[in-house]
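Remarks on the structure that follows.
Residue numbers (this note's numbering): 7 to 288.
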């Protein structure tokens, strides 16, 4: 949705500040609803030792810290923070996608974006910033906006801001509800992520966002896919999307990016995208 064609990605998020390991462990245990006994059993250490680590009376080994992070399901960035808080060096590097060590990965991302033509594709950060797109995303976005510039790089703000993409999303309520659910899921996976909580708050600053969406829905299963229906001068265009992530990444950057590929939900949308790519649609 934002014209950021091609790959040009630096560090995605500023490193977390150092925190005492005890405070971090207590925060994560509370978020995961684990007692000291639960976590000790999960990691194979004594409850007494875990208690001493949390109070600062004992120092955990590097291996113990890694096992605690595994048991708590911590993302790579937060694992590094836990290691630093325990007095150890971070385990997982955080390279730019422009780094030579990630050449093959960058080529793979470029290949996915190129092969998605003539349909839009985006590289999205952990906090929903659009880091890169293919040419189709630029073409379709400019056509939908009818020359109006986008206001945001962040995909959530694009969807929720009445002065950005929101007016052209015909089924905005359905789409917005799904993305709010995504943010709640992100918070459940990483409950200490202050930026994700801030993003959730920012979405509720926009008009006509139902207050009930502040609570995470755990009842009915959502539909398998949500179709975006856009208003355009060619009539309604309908897309669905898939997210691709890297399997078992060791690098923080790769752990935090996802590739959003959109596909036409009907023949009319496919034809318009093909015509835009061929320069036949004015």
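C-beta: ideal position from N, C-alpha, C; glycine also. Values in this document were obtained by computation on a predicted structure and should not be read as measured data.
Buried or exposed (CB count within 10 angstroms, at least 16 for buried), residue i
| i | result |
| --- | --- |
| residue 113 | exposed |
| residue 284 | exposed |
| residue 126 | buried |
| residue 234 | buried |
| residue 313 | No information on residue 313 is available, as it lies outside the stretch 7 to 288 that the chain covers here. |
| residue 121 | exposed |
| residue 139 | buried |
| residue 179 | exposed |
| residue 262 | buried |
| residue 26 | exposed |
| residue 220 | exposed |
| residue 186 | buried |
Nearest-angstrom beta carbon gap, residue j and residue i [assumed within contact, 8 Å]
| i | j | result |
| --- | --- | --- |
| residue 137 | residue 205 | Actually they are not in contact, since the Cβ atoms of residue 137 and residue 205 sit about 16 Å apart, beyond 8 Å. |
| residue 258 | residue 100 | 4 Å |
| residue 159 | residue 236 | Not quite, the Cβ-Cβ distance comes to about 19 Å (not below 8 Å), so this is no contact. |
| residue 294 | residue 85 | With the chain represented from 7 up to 288, any question about residue 294 goes unanswered, as that position is not in the structure. |
Residue range of the beta strand (DSSP E) that includes residue i
| i | result |
| --- | --- |
| residue 247 | 243 to 250 |
| residue 136 | 136 to 139 |
| residue 290 | Limits of the chain in this structure are 7 at one end and 288 at the other, which puts residue 290 out of reach. |
| residue 265 | 264 to 270 |
| residue 236 | 234 to 236 |
Start and end residues, alpha helix (DSSP H) containing residue i
| i | result |
| --- | --- |
| residue 167 | Looking at the DSSP string, residue 167 is not in any alpha helix (DSSP H), and its letter there is neither H nor E. |
| residue 129 | Segment 127 to 130 is the beta strand (DSSP E) holding residue 129; no alpha helix (DSSP H) there. |
| residue 53 | 53 to 61 |
| residue 202 | 200 to 209 |
| residue 79 | Careful: residue 79 lies outside any alpha helix (DSSP H) and carries neither H nor E. |
| residue 159 | Here residue 159 belongs to no alpha helix (DSSP H), and DSSP marks it neither H nor E. |
| residue 32 | 27 to 38 |
| residue 188 | 178 to 195 |
| residue 44 | 42 to 49 |
| residue 280 | 273 to 284 |
Closest by C-alpha distance to residue i, when choosing among the options
| i | options | result |
| --- | --- | --- |
| residue 48 | 79, 65, 60 | 79 |
| residue 248 | 40, 214, 118 | 118 |
| residue 95 | 102, 81, 280, 72 | 72 |
| residue 264 | 131, 189, 240 | 131 |
| residue 147 | 86, 111, 239 | 239 |
| residue 69 | 63, 88, 81, 62 | 88 |
| residue 169 | 213, 197, 189, 134 | 213 |
| residue 278 | 149, 56, 93, 197 | 149 |
| residue 91 | 160, 41, 50, 31 | 31 |
| residue 255 | 108, 40, 280, 192 | 108 |
| residue 157 | 135, 145, 142, 75 | 135 |
Minimum Cβ-Cβ distance from residue i to chain D less than 8 Å
| i | result |
| --- | --- |
| residue 34 | Given the protein chain composition of this structure (a single chain), no chain D is represented. |
Check: Does the region 268 to 277 come close enough to the region 240 to 248 that 3 or more CB-CB pairs lie under 8 Å?
Finding: By the Cβ rule, the region 240 to 248 counts as touching the region 268 to 277, because three or more pairs are nearer than 8 Å.
Check: Counting Cβ pairs, one atom from each stretch, are 3 or more of them under 8 Å apart for the region 180 to 191 and the region 156 to 170?
Finding: Touching, per the Cβ criterion.
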